[in-house]
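Peer 1:
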Amino acid sequence: MSRNTAWSKHNSSLPSDRIKSTTKGAPNVAKPKGKAKQQPPDDPPKSTQVRRLEALLAGATTAAGTARDPAGGCFCLARDHALSPYAPLCRACGLILCTVNQPYFCCPHCQSALLSPAAHEALITRLNTDLTVQIEREIAERERAVEEAQRAAGAFPTLMGAIPIAQPAPAPPPPRQTHKVMSLTGSRRGGVLVSSYTTTPVVSRPASRDDSPKEIEEIVNRVPPPPSIPPCALRAPGATRPWENLLDESVTYQLPARLGDDADGPQSSSRRKRGGKSKAQGKENASNPSSRPDP
């Protein structure tokens, strides 16, 4: 007879060891050692000035300076827009350039490069410096605003480089509350009306934040290039109207001003009417002696 049976499988001397256990061993859960790593706070959205400098730096880094502007440029000669601080003048044709004309494109008129290779490298260095200074200025302003808010609230100043405290998890919404109301003014005599209603609490939602703000493209009014043929009249002016404008066809007729509509307006005409009426009445009294009062 084999000793390796269900009761003598483990060859244990205790009867209790022969009973199968009904509880299963819980799996070992690996506990993290040390403090849990906190997620870094989200970066604030970039300002318009920082996005503009980044776009200029990206264009100056990738473009060679010989490509044309896909939008056609602007020919306002810095009258409608500010003068370009990077390439204010074309060295080949002398065209005055505004801020709409990017320095990493060629001239919109003669298609020549606006910057020399050395000036192009200097432009990239300048844009890097401007971008760094702008970011540092915005960080300083943000920290100053936080310090002023803490000073106004009476809080202690925080140490530089301290680990930010993780925000607690939002509290679960409170359960619905049910109320019962007894009404003794029922239509039936001696009847009691019981009604119940449930109030749902309003859960406050945190303000939504756009972590990836879309760059707002400004609508720029670009002045088109001048026509290749200068404007000229198609016919000579007539002998009766030598001053006729033959270039502008939108001529409108202006009605002549009336005599009574002078600078004083309708009040002056009423004054003249009242003055004339009093003079006529004085002449009539002088010609009729019976209307004079007795002495």
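Numbering (UniProt numbering), first residue to last: 1 to 295. Using N, Cα and C, we set each Cβ at its ideal position, and we do this for glycine too. Predicted, not measured: the structure shown is a model, and the values here were computed from it.
1. Measure the C-alpha to C-alpha separation of S116 and L56 and round it to an integer number of angstroms.
2. Among the residues of its own chain, which have a CB less than 7 Å from the CB of L127, if the five just before and after it don't count?
3. Assuming F75 and P230 form a contact by the criterion Cβ under 8 Å, report the distance between their Cβ atoms to the nearest whole angstrom.
4. Around the C-beta of G154, are 16 or more other C-beta atoms found within 10 angstroms, so that it is buried, or is it exposed?
5. Hey, would you say the C-beta of H109 is under 7 Å away from at least one heavy atom of the ligand COA?
6. Compare the Cα-Cα distances from T132 to each of L259, P242, E244 and K46 and report the closest residue.
7. Can you find the residues in the same chain that come closer than 8 Å, C-beta to C-beta, to A87, ignoring five residues on each side of it along the sequence?
8. From T99, Q49, G94 and R151, pick the residue whose C-alpha is nearest to that of Q134; which is it?
9. Could you check whether A257 and L247 sit closer than 8 Å to each other, using their CB atoms as the reference points?
10. If G65 and C106 are in contact, beta carbons under 8 Å, what's the gap, nearest whole angstrom?
11. Look at the alpha carbon of T99 and the alpha carbon of A122, and state the distance between them as a whole number of angstroms.
Peer 2: Let's see:
1. 17 Å
2. L53, L56, L57 and A60
3. That belief does not hold up - the Cβ atoms of F75 and P230 are roughly 15 Å apart, past 8 Å.
4. exposed
5. With respect to small molecules bound, the structure shown includes none, and the ligand COA cannot be examined in it.
6. K46
7. L97, N101, P103, L114 and L115
8. Q49
9. no
10. 7 Å
11. About 18 Å.
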